[in-house]
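Heads up, the sequence shown is in our numbering, so the first residue is 205 and it goes up one at a time. In this text, a Cβ means the ideal position worked out from N, Cα and C, and glycines have one as well. All of these numbers come straight from a predicted model, not from anything done at the bench.
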Amino acid sequence: MGEQRRRYEVLPGNHGSRIKVNIRGEDILHIPRLNRGTAFTTEERKRLGLVGLLPSGVTPIDAQVHRAYQQFLEARAPMAKFRRLASLRDRNTVLFFRLLSEHIEEMMPIVYTPTIGIAIEQFSRQLTRVEGVFLSIDTPEDIEEALLAKGRHADDIDIIIVTDSEGILGIGDQGVGGIQICLGKKSLYTAAGGVDPNRMISVCLDVGTNNLGLLNDDLYPGVRHARVRGKAYDDFVDAFVTAAQKVFPHAMIHWEDFGAANAHKILDRYRDEVCTFNDDVQGTAAVVGAAATAAVRAKGERLRDQRVVVYGAGTAGIGIADLLREVMAGEGLDPDEATDRFWCLNSRGLITDASANVRDFQEPYARDSLEVADWEVDNQRRISLAEVVSHIKPTILIGTSGQPGTFSEKIVREMAAHVDQPIIMPLSNPTPLVEATPADILEWTDGRALIATGSPFDPVPRGDVEFEIAQANNALVFPGIGLGVAACRARRVTDKMIVAAAEAVASMVQMSTPGTPLLPRINDLRRVSATVAIAVAQAAAEEGVADVVLKDPVQDVFDRMWQPVYPEFILDD
Ligand SMILES: NC(=O)C1=CN([C@@H]2O[C@H](COP(=O)(O)OP(=O)(O)OC[C@H]3O[C@@H](n4cnc5c(N)ncnc54)[C@H](O)[C@@H]3O)[C@@H](O)[C@H]2O)C=CC1
Ligand SMILES: CC(=O)C(=O)O
Ligand SMILES: [Mg+2]
205 MGEQRRRYEV
215 LPGNHGSRIK
225 VNIRGEDILH
235 IPRLNRGTAF
245 TTEERKRLGL
255 VGLLPSGVTP
265 IDAQVHRAYQ
275 QFLEARAPMA
285 KFRRLASLRD
295 RNTVLFFRLL
305 SEHIEEMMPI
315 VYTPTIGIAI
325 EQFSRQLTRV
335 EGVFLSIDTP
345 EDIEEALLAK
355 GRHADDIDII
365 IVTDSEGILG
375 IGDQGVGGIQ
385 ICLGKKSLYT
395 AAGGVDPNRM
405 ISVCLDVGTN
415 NLGLLNDDLY
425 PGVRHARVRG
435 KAYDDFVDAF
445 VTAAQKVFPH
455 AMIHWEDFGA
465 ANAHKILDRY
475 RDEVCTFNDD
485 VQGTAAVVGA
495 AATAAVRAKG
505 ERLRDQRVVV
515 YGAGTAGIGI
525 ADLLREVMAG
535 EGLDPDEATD
545 RFWCLNSRGL
555 ITDASANVRD
565 FQEPYARDSL
575 EVADWEVDNQ
585 RRISLAEVVS
595 HIKPTILIGT
605 SGQPGTFSEK
615 IVREMAAHVD
625 QPIIMPLSNP
635 TPLVEATPAD
645 ILEWTDGRAL
655 IATGSPFDPV
665 PRGDVEFEIA
675 QANNALVFPG
685 IGLGVAACRA
695 RRVTDKMIVA
705 AAEAVASMVQ
715 MSTPGTPLLP
725 RINDLRRVSA
735 TVAIAVAQAA
745 AEEGVADVVL
755 KDPVQDVFDR
765 MWQPVYPEFI
775 LDD
């Protein structure tokens with residue numbers, strides 16, 4: 205097996221903080237998981253052959269964190285901060301995660317949305333060493349070798365985060381630059397969910413790109429042709445899943461930012477066969493399900509009584525509708541009644557049974573065209589959001605369209621004219637793509653709206669109240685789902701496990717005073733993730749898909765969470 209495996213081995217237990225090493229000297233400083241820079245004590249330097257390779261002073265980790273944080277602050281622009289953090293991550297794993305964990309609210313917008321969107325767009329220009337596995341559709345025979353090249357054994361990997369980069373956030377096709385979204389998600393799996401960073405790999409399926417800017421850029425490092433579609437694409441994905449299962453049979457495959465045509469299709473193709481999870485479909489659904497549940501509870505209502513408009517009926521939007529529908533069914537609605545609570549729009553307006561090019565996963569939500577026969581259409585023959593809002597008087601409005609500013613003042617005021625506390629969630633990322641800003645929504649609703657956004661927003665002061673804005677981002681749930689799946693060795697990720705994650709998050713929300721957010725705060729991510737993990741593992745056991753039954757779920761999940769502390773080295777002779 206690979207070189208890295210032989211050079212060191214993370215021993216089980218103790219939160220991943222005992223490591224057997226059989227290398228000495230400079231090699232240790234070059235492996236981020238082993239390196240601790242000037243924090244190596246004098247004694248360790250002697251044992252590990254590091255004498256003379258570092259300045260003689262010994263810096264405790266707290267001082268290192270302080271220094272790294274000052275360097276972070278000195279970097280002004282978000283991308284400069286991003287580069288600082290990426291470079292630290294590539295030098296010293298423990299210090300990077302200690303810093304990130306201690307400043308998660310401040311640094312998440314750098315390692316994740318919105319700054320990650322810029323990093324992805326600038327990938328070709330900013331290219332440095334990137335961690336990850338790149339699989340090319342032009343050489344599918346190399347897939348297994350490439351997965352093995354990471355030097356990990358069958359049991360070493362819990363999560364494979366994979367993208368084909370067609371639908372990166374709301375910024376579309378980004379070619380191999382999409383690997384950065386996998387790295388951002390990977391950082392959060394560890395910082396929030398305590399998944400050992402060595403137990404994950406990031407994969408980019410390079411199937412070409414239809415981004416003409418990239419195809420015409422000499423610096424673009426991906427395969428230089430248009431996206432391959434159809435059978436060749438499906439066969440490539442299949443070859444990847446087969447190889448991934450063979451090489452890492454216990455790993456959950458996390459799909460990220462596939463295009464609308466493939467995301468639901470791939471999930472449906474594999475969900476009953478392998479342990480697999482689509483973050484945009486299921487992770488987003490769980491967090492929005494939690495926010496919606498918390499909001500209706502605060503209003504003393506139930507989800508089954510809501511009228512829901514989904515603006516942007518793609519990967520995320522329909523995932524959300526599917527989950528809310530399942531919760532409504534759990535509250536006693538039959539499936540048709542539950543489906544009838546949704547009005548979904550795509551770029552062609554309201555989806556009806558007369559709409560063209562309706563995708564399979566959207567079809568259940570197509571409205572009866574007779575019901576809307578006398579509604580007005582715009583000059584492109586579409587039934588617009590404004591028209592839907594004025595007829596339906598929705599209680600919940602969800603934005604997953606990637607279309608900035610589309611929740612206009614007129615639309616929001618119209619919604620608020622009929623509903624006491626409208627629930628409005630403009631979820632599109634990164635920040636510039638938000639359908640409406642929280643400050644505007646609060647202004648247009650006289651502070652009555654209950655809001656959650658996909659990217660972070662500052663609190664909004666209004667009169668005596670400061671409104672904290674919930675961040676309804678799948679980051680609040682996917683780390684806990686991955687942790688829970690790994691802890692109980694789940695063979696599948698079922699809908700009930702996703703609903704359990706949503707319920708776990710909703711149960712942590714206390715909306716006792718005006719202005720409190722609809723979801724737990726980002727500072728609380730580690731506790732949220734552990735709570736989600738326990739709920740997911742319990743649901744997996746109830747569903748009969750867990751290979752390991754947790755005897756003491758709290759202790760078992762906590763024991764599994766990797767902690768950013770420098771490891772004890774056990775020397776191999
Ligand atoms: N907050 C969160 O956790 C998440 C947020 N998102 C965000 O949601 C947005 C969409 O992402 P995906 O669902 O993955 O993309 P997608 O491409 O699968 O779906 C976008 C949908 O929006 C529709 N659309 C486009 N223009 C429209 C218009 N003018 N009016 C109405 N609908 C329109 C498209 O037809 C499509 O159905 C992105 O900005 C993404 O960042 C996605 C996943 C998670
Ligand atoms: C958050 C996320 O997964 C997205 O915007 O695609
Ligand atoms: Mg995504």
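Here the C-alpha atom of Gln767 lies approximately 7 Å from the C-alpha atom of Gly398.
Assignment of beta-bridge partners to Gly553 by DSSP yields Asn550. Per DSSP, Met311 is one residue of the alpha helix (DSSP H) stretching across Ile308 to Val315. As the crow flies, the alpha-carbon of Asp461 is around 13 Å from that of Asp410. Rounded to the nearest whole angstrom, the C-alpha separation of Ile232 and Phe286 is 25 Å. For Gly658, the shortest C-beta to heavy atom distance toward ligand 1 is below 7 Å. Here Gln675 is bridged, per DSSP, to Thr657. Within 7 Å of the C-beta of Thr317 there is at least one heavy atom belonging to ligand 2. Ala691 is the residue among Lys614, Ala436, Ala691 and Leu723 whose C-alpha sits nearest the C-alpha of Pro757. At a threshold of 7 Å, Glu370 does not count as near ligand 3, since its beta carbon sits no closer than that to any of the ligand's heavy atoms. Within the model, the alpha-carbon separation for Glu591 versus Leu303 is close to 48 Å.
For Leu373, the distance from the CB to the nearest heavy atom of ligand 2 is below 7 Å. Bounds of the beta strand (DSSP E) holding Asn482 are Thr480 to Asn482. With 5 Å as the limit between CB and the heavy atoms of ligand 3, the residues that fall short of it are Asp461 and Asp484. When beta bridges are read from the DSSP output, Glu248 appears opposite no residue. Residue range Met404 to Asp410 is occupied by the beta strand (DSSP E) that includes Ser406, with no alpha helix (DSSP H) assigned at that position.
Judged by DSSP in its simplified three-state form, Tyr515 adopts strand. Per the coordinates, the alpha-carbon of Ala447 lies some 5 Å from the alpha-carbon of Glu348.
Gly336 has its alpha-carbon roughly 9 Å from the corresponding atom of Lys354. Gly504 is classed as exposed because its beta carbon has fewer than 16 other beta carbons within 10 Å across all chains shown. Counting along the chain, His595 sits inside the alpha helix (DSSP H) bounded by residues Leu589 to Ile596. The residue from Ser573, Glu575 and Cys548 with its alpha-carbon nearest to that of Arg563 is Cys548.
Of all C-beta pairs linking the region 533-546 to the region 575-593, fewer than three are shorter than 8 Å, placing the two stretches out of contact. Here the region 719-729 makes no contact with the region 511-519; the two share fewer than three CB pairs at distances below 8 Å. In this structure, Leu637 has its beta carbon less than 7 Å from a heavy atom of ligand 1. Ile363 has its alpha-carbon roughly 10 Å from the corresponding atom of Pro453.
Here the distance from the Cβ of Gly521 to the nearest heavy atom of ligand 1 is below 7 Å.
Taking Lys450 as reference, the option from Ile627, Asp359, Leu507 and Thr599 with the minimal CA-CA separation is Asp359.
Of Thr599, Glu541 and Gly412, the smallest CA-CA separation from Ala496 is found for Thr599.
A residue is called buried when at least 16 other Cβ atoms come within 10 angstroms of its Cβ; Arg329 does not meet this threshold and is exposed. With a 10 Å radius around the Cβ and a threshold of 16 neighbouring Cβ atoms, Val713 comes out buried.
Apart from the 5 residues on each side of it in sequence, Gly381 sits with its Cβ closer than 6 Å to the Cβ of Ile324 and Phe327 in its chain, given in chain order. Per DSSP, the continuous beta strand (DSSP E) segment holding His458 begins and ends at Met456 to Glu460. Between the alpha carbons of Glu746 and Met629 lies a distance of about 32 Å. The residue from Ala455, Thr657 and Ala464 with its alpha-carbon nearest to that of Glu370 is Ala464.
Spatial neighbours of Tyr393 in its own chain (CB-CB distance under 7 Å, excluding positions within 5 residues in sequence) are listed in chain order as Ile363, Val399, Met404, Pro683 and Gly686.
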